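Sequences listed follow chains A and B, in order. Going by our numbering, the letters in the first sequence line up with residues 1299 to 1502, in that order. Going by our numbering, the letters in the second sequence line up with residues 2 to 133, in that order. Beta carbons are placed, not taken as given, at the ideal position from N, Cα and C, and that holds for glycine. Owing to the predicted nature of the structure, the values given are computational and were not obtained by experimental measurement. So the structure is just underneath, and the comments pick up after that.
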Amino acid sequence: MQGESVLVAGLIEACRVTIAANRDHLCELDREIGDGDHGTNMQRGCEAVSAEEKDLARLPLPDALEKIGLTLVMNIGGAAGPLYGTLLMEMGRKLRNRDREEEFPVVLKQAIDAVARRGRAHAGDKTLLDVLYPVHDALAQRSPLTDVARRAELSADLTAPMKAMRGRASYLGDRSIGHVDPGASSCALLTTAICRYLQENYPE
Amino acid sequence: MSEKTANVGIVIVSHSPLVAQGIADMVRQMVGDCVPLAWSGGNVRGELGTDAGGILRAIEAAWSDAGVAIFVDLGGAETNSEMAIEMLGSPRSKFVSICNAPLVEGAVIAAAEASGGASLAKVVATAEELSP
Ligand SMILES: [Mg+2]
């Protein structure tokens, strides 16, 4: 329990820091194919979670994840709020109810599928799913965390040649091609921050 | 206030507080107070954006036992409205529908229909006739 609370607090801070450092970059990406607010939206969400850090760290991990998800929904705004919120809330719910043998990648996959349903999106639609699915694959293959992070960043870059099928970028049609998706980018940044934190503090 | 709960409620959701409030004014002008009406515009800070918590409060404010029809502008408004409906919880969530209709015309026509005591299904269907 003590270990979990340190883990939750550490991950919250790692995510907050990477989003703050990349806020302008994320807004810039969103300005190319959307409305330019992804960085500020994500920062608002992460700060709201940080503000609740003390309460969150006291909760069992599934409850903490679910509460973080709700806070993200209530504070990010835009489609990213419900998508990231659903990811965290579903992870919390699935972790709470999982069979003992079920490993984390199985739980993650179920949460990612819930995000896909929420956004009515599929792999290849130029969304954060194009990072989440490869991250899940890497984890399921038991790749080292450095490789998981690298896979996330590469996958975000690979959204550039895709044509947006969901969200505001889809209004641009073919003109969305050639730009990295901001949601995929924030997802890769968060994945990298989480992997780095785990490597530094919980070496395998 | 049995009269207030008899007619279907209308909720307007826009990325812009000005748009949401403006449409609510137009609806109010059409149907007066006989249709429960509320709006949510902008993000938690009142800037352009969407706010799931604000939408949830709007649904509560426009609540009617006959149900609530929601009108949204762009994608994020729809996704956040779905989230808000989920947070409303069962059984009330079953009596809330997001209309696939143009925001201004849809809300006004739906409100006119609702003011005559039409069911939620009828209100939604009438508004959605506007969408090709
Ligand atoms: Mg945006």
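Across the set B:47, B:101, B:111, B:133, the C-alpha of B:111 shows the shortest separation from the C-alpha of residue 35 of chain B. Straight-line spacing of the CA atoms in residue 1301 of chain A and residue 1502 of chain A works out to 16 Å. In the DSSP annotation of this structure, the continuous segment of the alpha helix (DSSP H) that includes residue 1453 of chain A starts and ends at 1443 to 1455. Under DSSP, residue 71 of chain B shares a beta bridge with B:12, B:99.
Exposed is the label assigned to residue 1304 of chain A, since fewer than 16 other Cβ atoms lie within 10 Å of its Cβ. Nearest C-alpha to residue 1452 of chain A among A:1414, A:1479, A:1475: A:1479. Within the same chain, Cβ atoms closer than 7 Å to the Cβ of residue 21 of chain B are found at 13, 14, 15, 40, 41, 42, the five residues on either side in sequence being excluded. One finds nothing in chain B with a Cβ atom closer than 8 Å to the Cβ of residue 1347 of chain A; even the nearest lies about 14 Å away.
It is roughly 42 Å from the alpha-carbon of residue 69 of chain B to the alpha-carbon of residue 1456 of chain A. Every alpha helix (DSSP H) stretch that sits fully inside the stretch 22 to 95 of chain B and reaches 4 residues is listed by chain position as 53 to 62, 76 to 89. No Cβ of chain B is located within less than 8 Å of the beta carbon of residue 1454 of chain A. Checking the 7 Å criterion, the Cβ of residue 1376 of chain A is within range of a heavy atom belonging to ligand 1.
At a C-beta separation below 9 Å, residue 1376 of chain A has these neighbours in chain B: 16, 44, 50, 51, 76, 77, 80, 81.
DSSP, reduced to helix, strand and coil, places residue 1335 of chain A outside both helices and strands of the structure shown, so it counts as coil. Here residue 1429 of chain A is actually not in contact with residue 1447 of chain A; their C-beta atoms are around 11 Å apart, not less than 8 Å. Here residue 1460 of chain A carries a coil assignment [DSSP, helix/strand/coil].
Residue state for residue 1502 of chain A is assigned as coil, using DSSP reduced to three classes. The DSSP-derived three-state label of residue 123 of chain B is helix. A:1410 is the residue among A:1422, A:1410, A:1371 whose C-alpha sits nearest the C-alpha of residue 1389 of chain A.
For residue 108 of chain B against residue 24 of chain B, the beta-carbon gap comes to about 5 Å, under 8 Å, which counts as contact. Residue state for residue 1316 of chain A is assigned as helix, using DSSP reduced to three classes.
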